[in-house]
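Here's the structure, in structure tokens; my notes come after.
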Amino acid sequence: MSDKIIFVDEDTHTTKYEKYNILLVDDEEDMHNITKMALKHKLFYDRELNIISAMSAFEAKEILKKENDIALALIDVIMETPQAGLDLVNYIRNKLNNNSIRLVLRTGQTSHVLEEEIINKYDINDYKEKTELTSEKLYTTVRTSIRQYELIKNLQEKIDDVTNELNNKNKLLMKQSRSAAMGEIITMLAHQWRQPLATISMNNNNLLLSLEVNNINIDSFKKSLELSNIQLKELSEIINDFRDFFKSDTADVIIDINKLIDESCDLINTTFIDNSIKIIKNYTHKIKIKTNKNDLMQIILSLVKNSMDAFIKNNIKDRLISISTKENYRYIKIIIKDNAGGISKEIFEKIFDPYFSTKNNRNGTGLGLYMSKIILEMHLNGNISVITKDKSTTFSILINKLD
Ligand SMILES: Nc1ncnc2c1ncn2[C@@H]1O[C@H](COP(=O)(O)OP(=O)(O)OP(=O)(O)O)[C@@H](O)[C@H]1O
Ligand SMILES: [Mg+2]
């Protein structure tokens, strides 16, 4: 635990930048001159200051938009408006989301009540009267602020490193689960191709035979070729259906959720038929949403594939998957329910864990549900939940519309 906490070592302090940037926001020229004089030639942790001057809150905003490595801003309260300084603080913290810059308000006069109220209400680090900032006090304020700023920056870097590491791990898992899903899809594609290929092959053999025995009837020859063409068209349509799914890193597009479910089911329709699985759809009116089509498709395929595996494993007779959609002003819901035997109490808590699978290695990596959860929570602004009872399992996918 202790190696996660970083202390800035005052003596061996090193950093990439040569000077510390300090922003002075005041509409009185004198305040700029006095402050600059007071801090002139002073070193802070072996480094000089680069004092940037802004004569108004507006000017300060423009500077802050471009420069994000400012350790401290000393801000006057009353400038172009009576509370321009406070508005600037709000802007820095809430609009620019800059939480590392240290903010010290400087004003003509104040009361302690006002001071406390302002520190609480506005996210500032200190509140000083202008007269209070003698050169010595100013030096201490700047020094403390820089130290805090360095500490925050260091922590932020650590947090970023950990977040990046986690993101990379998830990306790797995403690739793994995607290639597993693709493997399954290729198997299904091969399956869908078998029928038209068999027809074309039979056709060609018949044509060859009729050529060999010199028994060519132009009409039937033409018919056979036409039949082959229809089958070839079918093959190419199947490829088109699958092609989109193989694209990676696709951008968000506006899709009709019901149509997306239909397309996903079409991809594996032959497998449904072969395994005697009946699909019942119960859609609400057209639901449009801007989202990542392939991600959502992967989730739907993963869920119906799980139902399919459970039907086979539990040897269920009447196999039923019902898919319904719902919508309200806040979210969209996709509900996938099967009667494949349910999920036992022993494993219920674990099914969303990475690599948890009750299938043998060849049939399951145990990433399907974990990745569905990650994709929904991290990319689609949603979540996934499950209920199992009376030998049936219901997965609910929720995608938030707001935000
Ligand atoms: N509809 C379901 N009915 C019964 N059990 C289920 C259902 N969905 C998931 N499970 C259980 O949850 C486990 C985890 O599912 P998950 O999709 O994460 O992995 P998997 O299907 O085993 O492997 P993968 O999806 O990576 O091929 C499954 O092994 C299975 O035991
Ligand atoms: Mg699965």
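Numbering (the working numbering), first residue to last: 249 to 651. For glycine and all other residues, C-beta sits at the position ideal for the given N, C-alpha and C.
Pick from the options that is closest to residue i, judged by C-alpha positions
i	options	result
residue 532	547, 509 and 554	509
residue 501	620, 468 and 536	536
residue 512	553, 294 and 580	553
residue 524	541, 403, 487 and 564	564
residue 617	593, 297 and 634	634
residue 449	426, 555, 434 and 480	480
residue 325	290, 349, 293 and 366	366
residue 543	572, 596, 561 and 499	499
residue 345	312, 478, 412 and 517	312
residue 436	466, 404, 574 and 518	518
residue 547	593, 465, 478 and 426	426
residue 279	299, 293 and 291	299
residue 433	398, 515, 477 and 423	515
residue 483	442, 466 and 463	442
residue 418	639, 389, 626 and 638	626
residue 539	580, 297 and 397	580
residue 632	380, 605, 577 and 584	584
residue 393	281, 297 and 277	297
Residue burial classification, residue i (beta-carbon count within 10 angstroms, cutoff 16)
i	result
residue 306	exposed
residue 262	Note that residue 262 scores 44 on pLDDT, short of 50, meaning its location in the model is unreliable and no value can be drawn from it.
residue 414	exposed
residue 603	exposed
residue 438	exposed
residue 255	Low confidence applies here, because residue 255 scores a pLDDT of 42, under 50, leaving its location unreliable; read the following figure in that light. Flag for residue 255 reads exposed.
residue 444	buried
residue 332	buried
residue 410	exposed
residue 461	exposed
residue 267	exposed
residue 429	buried
residue 586	buried
residue 319	buried
residue 528	exposed
residue 491	exposed
residue 628	buried
residue 582	buried
residue 459	exposed
residue 541	buried
residue 398	buried
residue 457	exposed
residue 577	exposed
Same chain, Cβ closer than 8 Å to residue i, five either side skipped, listed in chain order
i	result
residue 308	271, 273, 302, 321, 323 and 336
residue 386	283, 286 and 287
residue 475	447 and 451
residue 328	275, 304, 305 and 306
residue 599	591, 617 and 634
residue 636	590, 591, 596 and 642
residue 424	613 and 615
residue 522	439
residue 421	602, 615, 618, 619 and 622
residue 562	588 and 589
Same chain, Cβ closer than 7 Å to residue i, neighbours up to 5 away in sequence not counted
i	result
residue 455	469 and 472
residue 607	557
residue 534	504 and 506
residue 347	341
residue 630	624, 645, 646, 647 and 648
residue 382	none
residue 391	292
residue 477	none
Beta-carbon proximity list for residue i, same chain, < 6 Å, skipping 5 on both sides
i	result
residue 260	Reliability fails at residue 260, whose pLDDT of 43 lies under 50, so the model's placement of it is uncertain and no value is given.
residue 334	370
residue 550	616 and 620
residue 675	Since the first and last residues shown for the chain are 249 and 651, residue 675 lies out of range.
residue 249	Because residue 249 carries a pLDDT of 38, less than 50, the predicted location of this residue cannot be relied on, and the following value inherits that uncertainty. Nothing meets the Cβ criterion.
residue 351	321, 337, 372 and 373
residue 555	569, 586 and 588
residue 400	348
Measuring from each Cβ to the nearest heavy atom of ligand 2, keep the ones under 6 Å and list them in chain order.
Every residue passing the under-6 Å Cβ criterion appears here: 550, 553, 554, 612 and 616.
Taking only runs of the alpha helix (DSSP H) that begin and end inside the segment 534–574, which ones reach a length of at least 4 residues, in chain order?
541–561, all fully within the segment 534–574.
Entirely enclosed alpha helix (DSSP H) segments - the segment 602–627, minimum 4 residues:
Those alpha helix (DSSP H) runs which fall completely within the segment 602–627 and span 4+ residues are 616–622.
Can you check the segment 465–505 for any alpha helix (DSSP H) of at least 4 residues that lies completely inside it and give the ranges in chain order?
The qualifying runs are 466–494.
Could you tell me which uninterrupted beta strand (DSSP E) segments, each at least 3 residues in length, are contained entirely in the segment 285–309, listed from first to last along the chain?
Counting only runs of 3 or more, we get 296–302.
Can you check the segment 350–395 for any beta strand (DSSP E) of at least 3 residues that lies completely inside it and give the ranges in chain order?
List check, beta strand (DSSP E) in window: 350–355 and 374–377.
Hey, which unbroken runs of the alpha helix (DSSP H) at 4 residues or more fall wholly within the segment 427–459?
If we require 4 residues or more, the segment 427–459 turns out to have no alpha helix (DSSP H) run fully inside it.
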